[in-house]
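A.B. asks: Sharing a structure below in structure tokens format, with a few things to ask.
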Amino acid sequence: MLALLDLSLRQLVSRSRLAIILLLAAVPVGVSVIFRLADTRLEFGEAGNAFYDGLLVSSILPIVTMAVATAALGNELDDRTLSNLVLKPIPRWQIVLPKYLASLLVVAPLVVASGVGATVLSNPDFQAALAIGVALFAGVATYAAVFNWLGLVSKSALAFSLVYVFLWEGVALSFLDGVRYLSIRAYSLGIMHGMDEESFEVFEGRVIEFPAAVGGAVIVTIFFLWLTVRRLKRMDVP
Amino acid sequence: MTTSQADALYVKNQPIVEAKRVSKWYSNVVAVSDVSFRIDRGITGLLGPNGAGKTTLLHMIAGLASTSDGELTLLGEGVRDNPRLYRRLGFMSEHEAVYGFYTGRQFVEFSAKMYGLDPLASAVDRAIDAVGLEQAQYRRVGGYSRGMKQRIRLAATLVHDPEVLLLDEPLNGTDPRQRIEFHDLMRKMAADGRTIVVSSHILEEVETLADRILLMVSGKLAAAGDFRAIRAKLDERPYNLRIVVNDPRAMASALVQMDEVDSVTVEPTGALVLLTRKVNVLRRAIPRLANERGIRLLRVEPMDESLESVFSYVVDNG
Chain W
0 MLALLDLSLR QLVSRSRLAI ILLLAAVPVG VSVIFRLADT RLEFGEAGNA FYDGLLVSSI
60 LPIVTMAVAT AALGNELDDR TLSNLVLKPI PRWQIVLPKY LASLLVVAPL VVASGVGATV
120 LSNPDFQAAL AIGVALFAGV ATYAAVFNWL GLVSKSALAF SLVYVFLWEG VALSFLDGVR
180 YLSIRAYSLG IMHGMDEESF EVFEGRVIEF PAAVGGAVIV TIFFLWLTVR RLKRMDVP
Chain S
0 MTTSQADALY VKNQPIVEAK RVSKWYSNVV AVSDVSFRID RGITGLLGPN GAGKTTLLHM
60 IAGLASTSDG ELTLLGEGVR DNPRLYRRLG FMSEHEAVYG FYTGRQFVEF SAKMYGLDPL
120 ASAVDRAIDA VGLEQAQYRR VGGYSRGMKQ RIRLAATLVH DPEVLLLDEP LNGTDPRQRI
180 EFHDLMRKMA ADGRTIVVSS HILEEVETLA DRILLMVSGK LAAAGDFRAI RAKLDERPYN
240 LRIVVNDPRA MASALVQMDE VDSVTVEPTG ALVLLTRKVN VLRRAIPRLA NERGIRLLRV
300 EPMDESLESV FSYVVDNG
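Protein chains in written order, with numbering that gives the first Met the number 0: chain W, 0 to 237; chain S, 0 to 317.
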């Protein structure tokens, strides 16, 4: 598995992809720096709502994860190298797991550092920073499992990912209450709020309970990893 | 029973690959239709024009693609989702599927690690030596020529010393010297008791390498068996040859007297088109005839040498 993890990491950190995700991850930090230069505290109220939910959780987190995780298996399909892997004498989960871990290792440090860094710069609060870090990590872990699977099942994985993120999580979540329990964005916000209810009071009434958020993230992650293994077993490899 | 005991019980006369009424279709497109055959030890050529279903068939044998109907076994077992069997199989696809950031040696090492080989270095050395890439092994694969990429992929396919090798158009991009070396390597491996299936759309390529062929046309098995017997049948088919000479009338009258020539027509351009069933005899006879009659032979070219026309003949007269 280590050989495949090493290969996957090298595949995912191509210069162009790295440049794009670094740039995206720098946006929240940039915003915090601007607030700091303007000598304005980024409060956890309405402005914080736009920053932590609108920018970090709803945009930067899914987009950066999408850019990396859809490529983890999708690029093997596009480059027709997947047969190099599936004809090796290893069970399919030993292909999927390193791909998933590589996505996590590339994205999680970047997104978590971006969120925690932006928080510390604008509004030093250890509890809030920890909540943001854990919530973003859970978001990356869950999105990565979904996007790994999407990369394997569709050549238009990026388009489908954008539809999921912006139509399902953005629009449907605003109108349909029950959708929260089927939303990775809601899991991240639920974890953030559950770990620091005081700082993220603004999310009160809009997020799901902490146990449901953690349970949902774990179930969705395991379910999509299982789907990916199943797909790899059943698909015709080009 | 351990794996080795099971292997020891593997009956000698049992086919290495066996297909029983295998079909494969993608929605309403039939890629392989009701194909039955067996492949034994030695080199088997999988021959057919582009789009004949060779790659689909190889993918099904390797377990990369499922069968839509029928039964396919490799070494007596179903190969689909059977990772244990992959230790005994080497597959090289037709695509230039490489990781360009690896050096040639790293690429082969990766394959060796995935097979869990120990010791690793000696297996990697042996595979790289076999394809003659010792000098280039520390260069990045992304910078290799097409022929070198094919060779390093072959090394990665051979590194675990498989019993069965499935090679899809392995000679694409290689030069004549590399082809000779490849042929020598394949013959040596076959002599060691391995089973090698090589697909190609080039008749001559398979002719010099394989003893037996599976001839695919339009997803169907057009012919299977000893290559020489099938080739003899191919040679007897009617051929059209176009001949350009400085004196068409004299050449035409000389040609119609030959038993090997069925008919001669003169094109408006003055070129002669003759029909023959003994093309190999005629290829030697035409220059001699022109020389004897003092006729200047400007060009001799087959009009229907394409593989498709050859295959069509076999199918129509099979």
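Built from N, CA and C at the ideal position, the CB exists for glycine as well.
It should be emphasised that the depicted structure is a prediction, and the values quoted were computed from it without experimental measurement.
(1) Does the beta-carbon of S121 (chain S) have 16 or more other beta-carbons within 10 angstroms, so that it is buried, or is it exposed?
(2) Please list, in chain order, the residues of the stretch 55-75 of chain S that have any C-beta partner in chain W closer than 8 Å.
(3) Quick check on the DSSP output: what are the complete beta strand (DSSP E) runs of length 3 or more inside the stretch 110-172 of chain S, in order along the chain?
(4) Under 8 Å between beta-carbons, which chain W residues line up against D246 (chain S)? List them in chain order, please.
(5) Count the other CB atoms within 10 Å of the CB of F222 (chain W); is the residue buried (16 or more) or exposed (fewer)?
(6) DSSP three-state call for R79 (chain W): helix, strand or coil?
(7) Who are the Cβ neighbours of I229 (chain S) in its own chain at under 8 Å, not counting the five residues just before and after it?
(8) Which one of W:P97, W:R184 and W:L157 has the shortest CA to CA distance from W167 (chain W)?
(9) Kindly say whether Y143 (chain S), judged by its beta-carbon, lies nearer than 8 Å to any beta-carbon of chain W.
(10) Measure the C-alpha to C-alpha separation of V12 (chain W) and D77 (chain W) and round it to an integer number of angstroms.
(11) What residue range does the alpha helix (DSSP H) around W225 (chain W) cover?
(12) So, does the CB of L88 (chain S) fall closer than 8 Å to a CB anywhere in chain W?
(13) Would you call the stretch 61-71 of chain W and the stretch 140-157 of chain W touching, i.e. three or more CB-CB distances under 8 Å?
(14) Please confirm whether L83 (chain S) has its beta-carbon closer than 8 Å to some beta-carbon of chain W.
(15) With a threshold of 8 Å between beta carbons, is D117 (chain S) in contact with chain W?
(16) If L202 (chain S) sits next to L46 (chain S), beta carbons under 8 Å apart, how far is it from one beta carbon to the other, in whole angstroms?
(17) Measuring only between beta-carbons, confirm whether D78 (chain W) sits less than 8 Å from chain S.
(18) Looking at I294 (chain S): is its Cβ nearer than 8 Å to the Cβ of V163 (chain S)?
(19) Assuming the contact rule is C-beta atoms closer than 8 Å, F36 (chain S) and A61 (chain S) should be a hit. Round their C-beta distance to whole Å, please.
(20) Could you tell me which whole alpha helix (DSSP H) segments of length 4 or greater appear in the stretch 217-289 of chain S?
(21) Sort out for me which residues DSSP pairs M215 (chain S) with in a bridge.
(22) Using a Cβ-Cβ cutoff of less than 6 Å, which residues in the same chain neighbour A5 (chain S) once the five nearest sequence positions on both sides are dropped?
(23) What's the gap between the Cα of A30 (chain S) and the Cα of L135 (chain W)?
(24) Can you tell me whether P301 (chain S) is helix, strand or coil according to DSSP?
(25) For Y98 (chain S), would you say it is in contact with chain W, using Cβ-to-Cβ distances shorter than 8 Å as the test?
(26) Flag S339 (chain S) as yes if its beta-carbon sits less than 8 Å from any beta-carbon of chain W, otherwise no.
(27) With 8 Å as the threshold, decide whether the Cβ of H182 (chain S) is near any Cβ in chain W.
(28) Indicate the three-state DSSP secondary structure (helix, strand or coil) for F125 (chain W) in the structure shown.
(29) Taking 8 Å as the threshold (beta carbon to beta carbon), is A2 (chain W) in contact with chain S?
(30) Looking at the structure shown, is F100 (chain S) part of a helix, part of a strand, or coil, going by DSSP?
(31) Are S121 (chain W) and S31 (chain W) touching if we call contact CB-CB under 8 Å?
(32) What separation, rounded to the nearest whole angstrom, lies between the Cα atoms of M147 (chain S) and S65 (chain S)?
(33) Does DSSP classify L46 (chain S) as helix, strand or coil?
(34) Taking 8 Å as the CB-CB limit, is M113 (chain S) close to chain W?
(35) What are the residues of the stretch 183-211 of chain S that lie near chain W, defined by any Cβ-Cβ distance shorter than 9 Å?
(36) In three-state DSSP terms, what is M0 (chain W)?
C.D. replies: Checking against the coordinates, here is how it stands:
(1) S121 (chain S) should be labelled exposed.
(2) Residues are counted here when their Cβ sits less than 8 Å from a Cβ of chain W; for the stretch 55-75 of chain S these are H58, A61, G62, L63, A64 and S65, given in chain order.
(3) Those beta strand (DSSP E) runs which fall completely within the stretch 110-172 of chain S and span 3+ residues are 163-167.
(4) Here the premise fails: no neighbours, minimum Cβ distance about 55 Å.
(5) exposed
(6) Three-state DSSP puts R79 (chain W) in coil, outside helix and strand.
(7) I212, L214, A222 and V313
(8) W:R184
(9) No, Y143 (chain S) lies away from the interface with chain W (no Cβ there is under 8 Å from its Cβ).
(10) 17 Å
(11) Bounds of the alpha helix (DSSP H) holding W225 (chain W) are F209 to R233.
(12) yes
(13) yes
(14) The residue you asked about is not Leu; residue 83 (chain S) is Arg in the sequence shown. For R83 (chain S), the answer is yes, since a Cβ of chain W falls inside 8 Å of its Cβ.
(15) Chain W, which has no Cβ nearer than 8 Å to the Cβ of D117 (chain S), makes this no.
(16) 7 Å
(17) yes
(18) no
(19) At roughly 16 Å, the Cβ-Cβ gap does not stay under 8 Å, so F36 (chain S) and A61 (chain S) are not in contact.
(20) 226-234 and 247-255
(21) S:L220
(22) The predicted position of A5 (chain S) is uncertain, since its pLDDT is 40 and thus under 50; a value taken from the coordinates is nonetheless stated next. Nothing meets the Cβ criterion.
(23) 47 Å
(24) In the displayed model, P301 (chain S) falls within a strand according to three-state DSSP.
(25) yes
(26) Residue 339 (chain S) lies beyond the stretch modelled for chain S, which goes from 0 to 317, so this question has no answer here.
(27) no
(28) DSSP places F125 (chain W) in helix when its eight states are reduced to three.
(29) yes
(30) The three-state secondary structure of F100 (chain S), taken from DSSP, is coil.
(31) yes
(32) Roughly 31 Å between the two C-alpha positions.
(33) strand
(34) yes
(35) none
(36) coil
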